[in-house]
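Per the UniProt record's numbering, residue 1 is the first one in the sequence shown, and the count goes up by one each step.
Here the structure is laid out as structure tokens; the discussion comes afterwards.
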Amino acid sequence: MEAADAAGADAVGGAGGGGGGGERSSFVIGLIENRAKEIGVAAFDLRSASLHLSQYIETSCSYHNTKTLLHFYDPMVVIVPPNKTAADGMVGVSELIDKLYPANKKVTIARGCFDDTKVTFNGSFDHMNIDSTSVQTLEIIDPLHAELWGTSNKKKSLFQMLKTTKTTGGATLLRANLLQPLKDIQTINARLDCLDELMSNEELFFGLTQGLRKFPKESDKVLCHFCFKPKKVTDEVLKPANGRKSQMLISDIIILKTALDAIPFFSKVLKGAKSFLLRNIYQTVCENPKYENMRKRIGDIIDEDVVHSRAPFLACTQQCFAIKAGIDGLLDVSRRSFCDNSDAIHNLASKYREEYNMPNLKIPYNIRQGFYFIIPQKDITDRLPNKFIQVVRHGKNVHCSSLELASLNVRNKSAAAECFRRTELCLEGLIDEIREDIGILTLLAEVLCLLDMIVNSFAHTISTKPVDRYTRPEFTDDGPMAINAGRHPILETLHTDFVPNNIFLSEASNMVLVMGPNMSGKSTYLQQICLIVILAQIGCYVPAQFASLRVVDRMFTRIGNGDNVENNSSTFMTEMKETAFIMQNASSKYTVFATHMEGLSELATMYPNVKILHFEVNLRNDRLDFKFRLKDGIRRVPHYGLLLARVAGLPASVIDTATSITSQITEQEMTRMDANCEEFRSLRMAYQVAQRLVCLKYSNQGDNYIREALRNLKEGYAAGRLT
């Protein structure tokens, strides 16, 4: 879709075609540019271990396409070569990164340090393209001016409204879908069929909701960790910092085991599913024996009682006792030593409590220091005994140690380090076996993310709305865009009395001019159309009574205005840059243009494909009463700017003079335009007939209804009046 805003007018247009605010990014991006303005992009996702490659020609002098791509990936690191070949007036990729990201995100690598690799072009044929400006103005990821409102702002973005996912991967997938909606009708309908089944089968919906809770939040990230082969165990693991590697390995294995343990429950829930998507998941995951074999193999090595813990000492103990007893004799010996030293430390604490009359003495643990003492100030009657060293006061407590405790800490850490080394040796063999079937783990990760998005986001959001507030959209290859009683998905959650409105666009009427004074609802209407299209193309129900759409391949918007002080651009310059980008890339499909300039309504007399709509506004006691209802035709609010000026308190003499001048100009202009109206009347009649015929082509009414409609159309055309 496309949109522009110039000289006080808002516009949205669409090109129909065929088939950031979220979780912290895990993408590392590599960018390179040549003299022909070709941009090469390599994006590696550390979470899913996937590589995305693309190449395109940058047609915008402001690097608009590259900005959109960077906004989609939201990289944690950007790698660029020193770019000294940018043409005059062109920003250059390297300088663009300097403007968009802080210095610590940019890594420069000389061109001679890497070589070219032949790759297959990966274009954006499967997804709608939404430029970064549209993402901001439509409030897809973050609400406008969120940094000014802070946490007190009740208004949410579309992403925040839908973000009821339970896993990190599900939220990431939702964000990616909103930024790049689907274009393949078959895939969209598969999601909608799944949603239909969930909304009509409560047992299935709640069963999947319960089943997804059984999977750890970081399941998708952990499952993809097994794609990376760890370094071999050496004596270096005896260093304290390397104990973290063992902890990560143990945690990953436990999370994997938990995920595999949840599959039998999933199998029971999905067994009777009828939609293609859910049946396919049941066949490829639930009926795959490799998952059960992997779970049993993990159970042969990992103790069933081991659980994931964030407490430092419990995590340390978990690392030592994760492997079942008897698998490694040296590991069993090291564990015994670890337990003996741990017991000795706690016995020492008990001894000090009795010897020095400190009943509230505690002995916590942290990774850096090991065990240490915490003694409340109230337990110290005079002064702390000389046996205690490294004394530090923290509020009402004293933190300290002793020579005996320090010695036991050294021995305890040594025993734990030996446990780590033996545990890693045992786990490496298990992970090598798991890696042989890494394909089923990546499949499981993708399935969990997709189900989390459809069940916990789409279905949950729809289920919280009143009945029949959301409906399934229909898709046609070349049919019109018809939305009946559409509502703004974000604003209707804030205003219970939100007024719904319609939109109809076809090849015979592909431009809509929306008239109305400022604050009558024009910009909201433009946003509403775009957001409904986005929701439909991610496979979700839409807030409307009925919606029939054709797939949109690009969406542009120009809504509102404002200076860009950082780039030294005035409001006018910002408008011209964004409008230029739209004009370079827009097609002739659909355009919705909103303005308060009533003179533009005369475009309908020259172009029969232009349809005029207006937002209803009444004048009451020299005040504007906004109804927010969209109606056909022109509704002139005579000189509403002068009316507002009078209310604002401008001098009466100024307003009277302005009224006199305006009346003279209006009279001259209307005389000129009336002479041209008759010339275009017959052409407009033909376009109206064509539009009615297009509607009948895609109608699902019976033959008798269509015959009657054609007869009425013929009679109306002959009479020169279509009703």
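By construction, the Cβ of each residue, glycine as well, lies at the ideal position given by its N, Cα and C atoms.
- Message: By alpha-carbon positions, which one of V41, L100 and Y73 ends up nearest to A176?
- Response: Nearest Cα to A176 within the set V41, L100 and Y73: Y73.
- Item | Straight-line gap, A36 to K577 (C-alpha atoms, nearest Å) | Distance between the alpha carbons of A36 and K577 is about 22 Å.
- Task: Tell me, please, whether the segment 329-336 touches the segment 417-425 by the rule of three or more beta-carbon pairs shorter than 8 Å.
- Result: Short answer: they touch.
- Query: Y282 lies in the beta strand (DSSP E); which residues open and close that run?
  - Reply: Taken as a continuous stretch (DSSP letters only), Y282 belongs to no beta strand (DSSP E), as it is neither H nor E.
- Query: Rounded to the nearest angstrom, how far is the Cβ of M453 from that of I612, given a contact under 8 Å?
  - Reply: Actually they are not in contact, since the Cβ atoms of M453 and I612 sit about 40 Å apart, beyond 8 Å.
- According to DSSP, which residues form a beta bridge with I632? Note on identity: in this sequence residue 632 is Asp, with Ile being the wrong assignment. For D632, which the question treats as bridged, DSSP gives the partners L613.
- State the DSSP-derived secondary structure class of I665, mapped to helix, strand or coil. In this structure, I665 counts as helix in the three-state DSSP scheme.
- Query: For H52, which residues does DSSP report across the bridge?
  - Reply: When DSSP reads this structure, H52 sits in a beta bridge with A43.
- Task: Report yes or no: do the segment 283-301 and the segment 254-261 share at least 3 C-beta pairs separated by less than 8 Å?
- Result: Judged by Cβ distances under 8 Å, the segment 283-301 makes contact with the segment 254-261, as three or more pairs qualify.
- Task: Reducing DSSP to helix, strand and coil, say where Y365 ends up.
- Result: It is a strand residue.
- Compute the Euclidean distance between the alpha carbons of T317 and I323, then round it to the nearest angstrom. Whole-angstrom Cα-Cα distance: 11 Å.
- Message: Given the structure, does L650 come close to the ligand SAH, in the sense that its CB is under 7 Å from one of the ligand's heavy atoms?
- Response: Absence of the ligand SAH from the depicted structure is noted, as is the absence of any ligand whatsoever, leaving it without description.
- Buried or exposed for M597, please, with buried defined as at least 16 other CB atoms from any protein chain shown within 10 angstroms of its CB. Classification for M597: exposed.
- By a C-beta neighbour count over all protein chains shown, 10 Å radius and 16 as the cutoff for buried, is K362 buried or exposed? Within a 10 Å sphere around the beta-carbon of K362 sit fewer than 16 other beta-carbons, which makes this residue exposed.
- Message: In this structure, how does DSSP classify K268 when only helix, strand and coil are distinguished?
- Response: Looking at K268 - three-state DSSP - the assignment turns out to be helix.
- Cβ distance (whole Å) where L173 is taken to contact T461 below 8 Å: So it is not a contact: roughly 15 Å between Cβ atoms.
- Straight-line Cα distance separating L277 from residue 728: Lying outside 1 to 723, the shown extent of the chain, residue 728 is not represented and no answer is given.
- C-beta contact flag for P312 and N366 at 8 Å: Yes, they are a contact pair.
- Query: Hey, out of M76, A485, V689 and I32, whose CA is closest to L53's CA?
  - Reply: When only C-alpha atoms are compared, the closest one is I32.
- Query: Residues in its own chain within less than 8 Å of I706 by CB, not counting five upstream and five downstream?
  - Reply: For I706, where only same-chain residues beyond five positions count, the Cβ hits under 8 Å are L696 and S699.
- Query: Using DSSP with H/G/I as helix, E/B as strand and the rest coil, what is E95?
  - Reply: In the three-state scheme derived from DSSP, where H, G and I count as helix and E and B as strand, E95 is classed as helix.
- Item | Nonlocal neighbours in the same chain, by C-beta distance under 6 Å from L51, ignoring five residues either side | If we look at L51 and ignore the five residues flanking it on each side, its Cβ neighbours are F44.
- Task: To the nearest angstrom, report how far apart A171 and T165 are at their CA atoms.
- Result: When the Cα atoms are used, A171 and T165 turn out to be separated by approximately 6 Å.
- Message: Report the start-end ranges of each beta strand (DSSP E) in the segment 448-523 that is 3 residues or longer and not cut off at the edges.
- Response: Runs of the beta strand (DSSP E) inside the segment 448-523: 474-476, 481-486, 501-505 and 511-515.
- Nearest residue (CA-CA) to R456, options A580, P608, L198 and P81: Per the sequence shown, the amino acid found at residue 456 is Asn instead of Arg. Ranking A580, P608, L198 and P81 by Cα distance to N456 puts L198 first.
- Counted within 10 angstroms of its Cβ, other Cβ atoms place M583 as buried (16 or more) or exposed: Exposed is the call here.
- For A273, the first and last residue of its enclosing alpha helix (DSSP H): Where A273 is concerned, there is no enclosing alpha helix (DSSP H), given that its DSSP letter is neither H nor E.
- Kindly give me the distance between the Cβ atoms of residue 732 and F504, rounded to whole angstroms, as I take these residues to be in contact under 8 Å. A query on residue 732 cannot be resolved here, the shown segment of the chain reaching from 1 to 723 and no further.
- Cα separation between L192 and C540? Those two C-alpha atoms are separated by around 6 Å.
- Query: In its own chain, which residues sit with a C-beta less than 6 Å from the C-beta of H225, not counting the 5 before and 5 after it?
  - Reply: Closer than 6 Å at Cβ, skipping near neighbours: D252.
- Taking all protein chains shown into account, do 16 or more other C-beta atoms lie within 10 angstroms of the C-beta of A686, making it buried, or fewer, making it exposed? Label assigned to A686: exposed.
- Extent of the continuous alpha helix (DSSP H) to which E354 belongs: Taken as a continuous stretch (DSSP letters only), the alpha helix (DSSP H) holding E354 covers G329 to E355.
- Considering only C-alpha positions, which residue in the set F475, P608 and L70 is nearest to R684? Closest in C-alpha terms to R684, from the list F475, P608 and L70, comes P608.
- Message: Out of N704, D477, T557 and E575, which one is the CA nearest neighbour of V694?
- Response: Among N704, D477, T557 and E575, the Cα nearest to that of V694 belongs to D477.
- Query: What did DSSP end up calling R721 once you bin it into helix, strand or coil?
  - Reply: Three-state DSSP puts R721 in coil, outside helix and strand.
- With DSSP run on the structure shown, which of helix, strand or coil describes A416? A416: helix per DSSP, three-state reduction.
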